[in-house]
Structures are given as C-alpha cells and as structure tokens.
Ligand code: MN
Ligand code: MN
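In our numbering, the protein residues as written are 175 to 478.
Below, the structure is given as structure tokens:
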C-alpha cells in the first residue's frame with residue numbers, strides 16, 4: 175500500500191477488519207479457561223470472525239507458555255490450556271485482503287502478570303510514537319526500554335511489521351530491540367506492533383520448534399495429479415497468499431480429496447510452505463501484545 179493511493183474506501187476496510195479483530199479478542203479473553211481445549215479456542219475465534227462479516231487472515235494462534243507464536247490446533251487436537259498457563263491468542267481478520275492483526279495474553283499465573291503489563295505498556299508507548307517520519311529504531315528502543323524498566327527482556331528475533339493487501343508481513347519490520355537503521359514510519363501505511371516479553375534470565379530469542387501447523391501458498395502451478403491440483407486450486411482461491419490451517423482444508427476440502435496426503439505432496443513440490451512454531455530458546459515463558467495501526471498525518475489510528 176503506497177501512501178498516496180490510500181483511499182477512504184481502503185481505510186474503511188481496514189477499520190472494519192480492525193473492529194472485528196478487537197471485538198473477537200475481547201470476547202475470547204472472557205471465554206478462555208484452564209483445561210479448555212485449544213482447538214475450541216481456535217474455532218470460536220475463527221467462526222466469530224466469519225459471523226461478524228470478516229475472514230480470518232491467518233489461523234487463530236494459541237501459543238502456550240514458552241511457545242511464542244505460530245501454534246494453531248491441527249485437526250482433532252486434544253491439547254488443553256494447562257493450569258497456570260500464559261495463553262497468547264493472536265487474531266487476524268481481513269476484509270478483501272485488508273488485514274488487522276492483534277494479539278493478547280491471558281494469564282493464569284499471578285507471578286507473570288507484571289510481564290503482561292510490560293508487554294502492554296511497551297505496545298502503548300510504541301504506538302504513541304507512530305507518527306510520519308519517526309525513525310523506526312526510536313520505536314524499537316522505546317519498546318526495549320519499557321520492557322527492561324519492568325525487569326524483563328524483549329524477544330530480539332520477533333518483530334512488528336508492515337501490513338499490505340493479502341500480505342501479513344510486508345515491507346519494513348519494527349524490531350523489539352534497539353538497532354541501527356534509517357527506516358522511518360511513513361504516512362498512509364499500516365503497521366502491526368507486537369512486543370514479545372520474556373524473563374530477564376531467558377535467552378530472549380526464539381528458535382524453530384518441530385511442529386508445523388500453519389501453511390501458505392508459495393507458487394501456483396500445473397500439476398499432473400488431479401487431486402493435488404484441486405487442493406492447490408482450493409488453497410489459491412480461498413486463502414491466496416494468506417496463511418491457512420490444515421483444519422480449514424479438512425472442513426472445506428471435501429469431494430473425496432485426501433487433504434493430508436495433498437498437504438505433504440504440495441509441501442514437497444514447494445507449492446506451499448509450512449511455518450514452524452516459535453519456541454523461546456531457553457524454554458522460558460513468553461507474553462505478547464499486539465495492535466495494528468494506520469499512520470495518519472497527525473499520528474496513529476489504532477485499528478484494533
Ligand atoms: Mn499477530
Ligand atoms: Mn503481527
């Protein structure tokens with residue numbers, strides 16, 4: 175999205191997506207309980223997005239404790255919210271490809287409540303700086319400083335990001351730690367800001383886990399196998415370049431096509447890619463807070 179072609183109509187779509195995302199986030203916060211099945215959380219969030227007239231921009235992420243991001247329930251998932259868990263719920267909504275991205279942490283352990291406040295305060299402080307021309311390193315330093323004031327540590331290799339049509343991560347990133355760069359916040363752009371916070375003695379970075387439950391189209395091509403072609407076409411038509419869950423194929427990819435076999439074949443043909451879950455490298459707990467903002471002439475409009 176370039177600033178000078180940003181019309182009121184597009185902004186209106188972002189605002190609608192943002193309102194749905196914010197509403198679903200607040201609704202699910204009230205519903206999540208210890209012992210609740212993770213798949214139930216995912217499905218409530220995704221169904222509610224659709225009911226309110228949006229589409230999920232990516233599978234609802236429910237990431238527990240040291241899992242920082244990118245966990246969504248596979249079909250038939252039996253996992254539940256453990257006792258005393260930190261539950262990060264990351265929600266994406268799009269209207270015609272215009273995306274709002276927001277996340278919250280539900281905390282069932284009183285010892286970690288400060289960590290949640292640190293993430294929320296870092297997010298709030300960062301948003302207040304989202305004016306045209308503001309150097310991005312200034313925002314990152316503010317996020318890091320706020321988190322450290324609370325006595326915690328930011329995750330250094332997860333970042334906020336620009337958002338574009340049908341692209342969740344596009345253009346410039348907004349790191350959660352001080353860094354050198356000449357990038358500036360630009361008028362008319364949409365950014366997601368997402369501080370991730372962990373304990374002071376943690377590694378402060380994430381590593382790839384073994385599990386992969388979120389996928390995305392990489393290239394559409396002609397395939398010899400008719401079933402595979404059908405699945406790929408379904409993916410292209412329904413999700414375009416946005417991430418999707420295996421659950422969504424199970425639900426909608428009927429007509430006798432084996433979605434499981436298709437997925438692994440499409441992965442080896444490099445038509446689709448899989449996102450590994452991100453785990454804090456020292457297995458310490460992680461919290462997250464996220465909003466999407468539109469940068470107007472005078473400052474930020476929080477969409478979510
Ligand atoms: Mn997110
Ligand atoms: Mn994001």
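Even glycine gets a Cβ: it sits at the ideal position worked out from N, Cα and C.
- Taking one beta carbon from each stretch, the segment 271-278 and the segment 183-192 have 3 or more pairs nearer than 8 Å; the two touch.
- In the three-state DSSP reduction, residue 243 falls in the strand class (E or B).
- Judged by DSSP in its simplified three-state form, residue 467 adopts strand.
- Residue 449 holds the alpha-carbon nearest to the alpha-carbon of residue 383 among 449, 205 and 182.
- Contact fails between the segment 367-378 and the segment 394-413, because fewer than three Cβ pairs, one in each stretch, are under 8 Å apart.
- Sequence-distant partners of residue 474 (beyond 5 residues in either direction) whose C-beta falls short of 8 Å from its own C-beta, in its chain, are 301, 302, 304, 305, 467 and 468.
- Taking non-hydrogen atoms of ligand 1 into account, the C-beta of residue 228 is found less than 8 Å away from none of them.
- In the DSSP assignment, residue 235 falls within the beta strand (DSSP E) that extends over 235-238.
- Taking 4 residues as the shortest admissible run, the segment 398-441 contains the following complete alpha helix (DSSP H) segments, listed from N- to C-terminal end: 400-413 and 420-426.
- Residue 366 has its Cβ nearer than 8 Å to a heavy atom of ligand 1.
- Distances taken from the Cβ of residue 338 to the heavy atoms of ligand 2 include none shorter than 8 Å.
- Inclusion of residue 464 in the 8 Å shell around ligand 1 follows from its C-beta lying nearer than that to a non-hydrogen atom of the ligand.
- Exclusion of the five residues before and after residue 228 leaves 190, 191, 194, 195, 267, 268 and 269 as the residues of its chain whose Cβ lies within less than 8 Å of its Cβ.
- Taking C-alpha positions only, residue 338 is separated from residue 208 by approximately 36 Å.
- Within the segment 295-357, the complete alpha helix (DSSP H) runs of at least 4 residues fall at 310-323.
- Scanning the segment 191-279 from its first residue to its last, the whole alpha helix (DSSP H) runs of 4-plus residues come out as 212-225.
- In the displayed model, residue 457 falls within coil according to three-state DSSP, outside both helix and strand.
- Burial check for residue 416: the Cβ neighbour count within 10 Å reaches 16 or more, so the residue is buried.
- Shortest gap from the CB of residue 292 to any heavy atom of ligand 1: 8 Å or more.
- Taking 9 Å as the cut-off, the beta carbon of residue 312 is found no closer than this to the beta carbon of residue 265.
- If you draw a straight line from the Cα of residue 235 to the Cα of residue 246, it is about 5 Å long.
- Nearest C-alpha to residue 456 among 257, 327 and 315: 327.
- Residue 292 sits away from residue 368, with the two beta carbons spaced by 9 Å or more.
- Residue 418 places its beta carbon less than 9 Å from that of residue 233.
- Following the DSSP letters along the chain, one finds residue 372 inside the beta strand (DSSP E) bounded by residues 370-372.
- In this structure, residue 347 lies near residue 334, with their beta-carbon atoms less than 9 Å apart.
- With fewer than 16 other beta carbons inside 10 angstroms of its own, residue 400 counts as exposed.
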